Amino acid sequence: MTRKPLKLLHTSDLHLGSDIYPADALVGFRQVIALSIEHSVDGVIVAGDLFDNRGVSPELVADVFRQFGELNRPVVVLPGNHDTFLMNGSFDRTSLPDGVDVMLVRGGESIDIEQIGLSVWGDPVYDHSPAFRPMGALEPRSTGNWYVGIAHGLVTDSDPYNEYSSKITPDELEQADCDYLALGHVHVFREVTSGRGAPAYYSGAPSGGRSPTLAIVSLDPVEGVSVEQIRLER
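Count the sequence shown with the working numbering and you get residues 1 to 234, in order.
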């Protein structure tokens, strides 16, 4: 199977409904929508913390997913530790617009998006504790599609006495059989590629900080994978 070039917008940590910076969070979201169109991306990946807390209004949630649906391109959301509204058992995944999906399977799931030749895997953060390993159950590649792993957690060393919650180790990054690893939880753009493993990046957050960012990821069968940091204007 010959893979076609693919361009993705990778974002995370939007924290919509934030009690601290609600207006700025909305501005960041609108920029994600606008830049998805401006860069003609084939799909959008949200690597956790789309929303800020379980008290986010259902009206805001509905409006956010409506706008994602109006992009008319695939959007995949992995819930992070703040996305308790999405993981409380009452959120209806089947009500989402066509092309928009939220990963809700505890222990991880893969989604094949055949229209753009992409498969993604992610494990939602139901248990933000040292026991949870966001990439611990990563499935091996099973199709000829581009394969992107999505994880929401902190990349840190393998020290067993390190008690960080939702820990991702360099070994897990290097051993991941993926073409790209889209990470969230750290609110700054950062490359964390390990050894000869797949390119691994935090996109940074589009709001709530001094240097809001997102990432444009280009996957090309000839040129390989490249990642561009996009700084957002305020």
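Glycine is no exception: its CB is placed at the ideal position from the N, C-alpha and C atoms. Treat the numbers as computed from the prediction; the structure is a model and nothing was measured.
Query, Result
"Could you check whether residue 214 and residue 199 sit closer than 8 Å to each other, using their CB atoms as the reference points?", "no"
"Which of the three DSSP states, helix, strand or coil, is assigned to residue 228?", "strand"
"Please classify residue 143: is it buried, with 16 or more other beta-carbons within 10 angstroms of its beta-carbon, or exposed?", "exposed"
"Assuming residue 25 and residue 16 make a contact with CB atoms under 8 Å, what is their CB distance in whole Å?", "5 Å"
"Can you tell me where the beta strand (DSSP E) holding residue 190 begins and where it ends?", "189-191"
"Closest to residue 179 by CA distance: which of 78, 117, 134 and 65 is it?", "117"
"What residue does the alpha helix (DSSP H) around residue 34 start on, and which one ends it?", "22-38"
"Taking the alpha-carbon positions, what's the residue 74 to residue 42 distance?", "7 Å"
"Could you round the C-beta distance between residue 54 and residue 85 to whole angstroms and report it? I think they count as a contact, below 8 Å.", "5 Å"
"Could you work out which residue in 4, 174, 19 and 234 is closest to residue 136 when comparing CA atoms only?", "174"
"Please state whether the Cβ-Cβ distance between residue 77 and residue 60 is less than 8 Å.", "no"
"In terms of residues, what are the limits of the alpha helix (DSSP H) holding residue 120?", "No alpha helix (DSSP H) contains residue 120, which is instead part of the beta strand (DSSP E) from 118-122."
"I need the straight-line Cα distance from residue 154 to residue 2, nearest angstrom please.", "34 Å"
"Quick one: grab the DSSP three-state call for residue 125.", "coil"
"Just to confirm the assignment, what range does the beta strand (DSSP E) spanning residue 112 have?", "109-113"
"Just how far apart, CA to CA, sit residue 88 and residue 219?", "35 Å"
"Specify the secondary structure class of residue 60 as computed by DSSP and reduced to three states.", "helix"
"Closest to residue 96 by CA distance: which of 7, 69 and 37 is it?", "69"
"If the criterion is Cβ atoms closer than 8 Å, does the pair residue 134 and residue 163 meet it?", "no"
"With 16 other CB atoms within 10 Å as the buried threshold, where does residue 47 fall?", "buried"
"Could you check if residue 122 is buried or exposed, using at least 16 other CB atoms within 10 Å of its CB as the buried criterion?", "buried"
"On the premise that residue 9 lies in contact with residue 32, defined as a C-beta separation below 8 Å, what is that separation, rounded to the nearest angstrom?", "7 Å"
"Kindly indicate which residue of 127, 225 and 110 has the alpha-carbon position closest to the one of residue 140.", "110"
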